[in-house]
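To get my numbering, take the position in the sequence shown, counting from 1, and add 419. So the structure is just underneath, and the comments pick up after that.
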Amino acid sequence: MRLALYQPDIPQNVGAAIRAAACFGAGLDIIEPCGFPLDSREVRRVAMDYGALSQLVAHRSWTAYIGAGTQGRLVLMTTKARTALWDFGFEPGDTILMGRESAGAPDEVHNAADARLMIPLAPGARSLNVATAAAVALAEARRQLGWIAQT
């Protein structure tokens, strides 16, 4: 299982995603360009020492990411989806893809996705923070797959 962030805007969210991916035993792909240097102090501060535990791969562009090939399905988390996260059956090789904080994911990313999912929210709520949504999606995928962390 992997988590992918499409052109993230906020370094603290990348740090939080590094930590979430490490804690849930998922690899992490960062699809550049980012709105900040990937090695910024803000990323390191939030990621803490989890950076060493993450399996982070940076891709220079969406084209480079697609060219590298994904092993499983590409599952896009988006507020534009009609299928709830809870109604989807995850598989071990899936990659959960998060769009940009400021703009979501463009049409070419939507078109490449094998599934588009949303997290149901309370009436009037627009969206979760991208790192929070990524952690919710990873937790649900791991729950479905019966994954238990090694202690």
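Where a beta carbon is used, it is the ideal one built from N, C-alpha and C, also for glycine.
Nearest candidate by alpha-carbon position, reference residue i, set the options
i, options, result
"residue 424", "558, 540 and 457", "457"
"residue 522", "541, 426, 420 and 422", "426"
"residue 560", "538, 546, 544 and 547", "538"
"residue 453", "443, 445, 446 and 433", "433"
"residue 551", "481, 509, 510 and 518", "518"
"residue 449", "477, 554 and 430", "477"
"residue 421", "566, 474 and 435", "474"
"residue 506", "481, 563, 429 and 428", "563"
Close Cβ partners of residue i (< 7 Å) along its chain, the five nearest in sequence each way excluded
i, result
"residue 493", "514, 516, 531, 532 and 533"
Residue i - partner residues in DSSP beta bridges
i, result
"residue 523", "519"
"residue 478", "450"
"residue 514", "421 and 493"
"residue 536", "496 and 502"
Alpha carbon of residue i to alpha carbon of residue j, nearest angstrom
i, j, result
"residue 484", "residue 544", "32 Å"
"residue 444", "residue 527", "28 Å"
"residue 641", "residue 479", "Nothing about residue 641 can be reported from this structure: the residues present for the chain run from 420 to 570 only."
> Okay, do the region 532-546 and the region 491-506 touch, 3+ Cβ pairs below 8 Å being the bar?
Replying inline: yes
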